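Trainee: When we follow the working numbering, the leftmost residue of the sequence shown carries the number 55, and every step to the right adds one.
C-beta: ideal position from N, C-alpha, C; glycine also.
Please read these numbers as outputs of a predicted model, since none were measured by experiment.
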Amino acid sequence: MHNSSIVKLQSNDGQVFEVAYGTIKQSQTMEALLEEFDYPEDVIPIPNINSATLAKIVEWCEHHKNDPAYVEEEVDPLRRHTSIEVPEWDRNFFNVSQEMLSDILNAAHYLSITPLVQIGCKMVANLIKGKSTEQLRELFGMEDDFTEEQKQALREEYPWANVDDN
55 MHNSSIVKLQ SNDGQVFEVA YGTIKQSQTM EALLEEFDYP EDVIPIPNIN SATLAKIVEW
115 CEHHKNDPAY VEEEVDPLRR HTSIEVPEWD RNFFNVSQEM LSDILNAAHY LSITPLVQIG
175 CKMVANLIKG KSTEQLRELF GMEDDFTEEQ KQALREEYPW ANVDDN
């Protein structure tokens, strides 16, 4: 299949997206599917992804279609950088609601778009970095359902974890 061949993807809510193969082949799932079955004229259903999320996935793939092939870095976890760099375009791309961020990450994982998953995870890491427990609860809309006794038990068992209300 040529990079300029058009692939039709249908979201779970029925919207059809026409995408160049060279754009969507960043998805290892789509690339394998399209190499095994040569049917660019047929619509390919994407059952787990809605149209808003699929539009964002296509937007990201279109922007990154000329990027070199992704090679996963071997990084010693003890030597990781404390600041996580994300290119400006990608920071702007991920300037979305938490729900959409989650939907994009789930879709990227489902479609095996590893660079998008990696960048999305960096965005989440930057989002939660330096936040207190209470700030994280507020950020993710989670209630504090621990009793004072449970918190005290956690403080004693894991003193390094700084289990606090703040």
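Going by CA-CA distance only, name the one from GLU90, ILE111, PRO101 that's closest to MET154.
Mentor: Of the candidates GLU90, ILE111, PRO101, the one whose C-alpha sits nearest the C-alpha of MET154 is ILE111.
Trainee: Please name the residue in GLU139, ASP96, ASP121, VAL70 whose C-alpha comes closest to that of SER105.
Mentor: Nearest option by C-alpha distance: VAL70.
Trainee: Apply the 10 Å Cβ neighbour rule to MET84 and answer buried if 16 or more other Cβ atoms are within range, or exposed otherwise.
Mentor: Its Cβ being crowded by 16 or more others within 10 Å, MET84 is buried.
Trainee: If you draw a straight line from the C-alpha of LYS46 to the C-alpha of GLN206, how long is it?
Mentor: Residue 46 lies beyond the residue range present for the chain, which begins at 55 and ends at 220; the question has no answer from this structure.
Trainee: Could you have a look at ALA179 and say whether DSSP puts it in helix, strand or coil?
Mentor: In the structure shown, ALA179 sits in a helix (DSSP, three-state: H, G or I).
Trainee: Specify the secondary structure class of LYS62 as computed by DSSP and reduced to three states.
Mentor: Reduced to three states, the DSSP call for LYS62 is strand.
Trainee: Among the residues of its own chain, which have a CB less than 8 Å from the CB of ILE60, if the five just before and after it don't count?
Mentor: So the list reads GLU72, VAL73, ALA74, TYR75, PRO94, once near-sequence residues are dropped.
Trainee: Helix, strand or coil, according to DSSP, for VAL140 in the structure here?
Mentor: VAL140 falls in the coil class under three-state DSSP.
Trainee: Taking all protein chains shown into account, decide if TRP214 is buried (16 or more other Cβ within 10 angstroms of its Cβ) or exposed.
Mentor: By the 10 Å Cβ count, TRP214 comes out exposed.
Trainee: Smallest Cα separation from GLN172: which of TRP114, SER58, THR201?
Mentor: When each option's Cα is compared against that of GLN172, the closest is TRP114.
Trainee: Please return the same chain residues whose Cβ sits closer than 6 Å to the Cβ of ASP223, not counting the five positions on each side in sequence.
Mentor: Past the edges of the chain, shown from 55 to 220, lies residue 223, and the structure says nothing about it.
Trainee: Determine which residues share a DSSP beta bridge with GLU72 and list them.
Mentor: The partner list for GLU72 (beta bridge, DSSP) reads LYS62.
Trainee: Could you pull the start and end residues of the beta strand (DSSP E) that VAL97 belongs to?
Mentor: Looking at the DSSP string, the run of the beta strand (DSSP E) that includes VAL97 is 97 to 99.
Trainee: Quick one: give me the first and last residue of the alpha helix (DSSP H) that GLN80 is part of.
Mentor: Taken as a continuous stretch (DSSP letters only), GLN80 belongs to no alpha helix (DSSP H), as it is neither H nor E.
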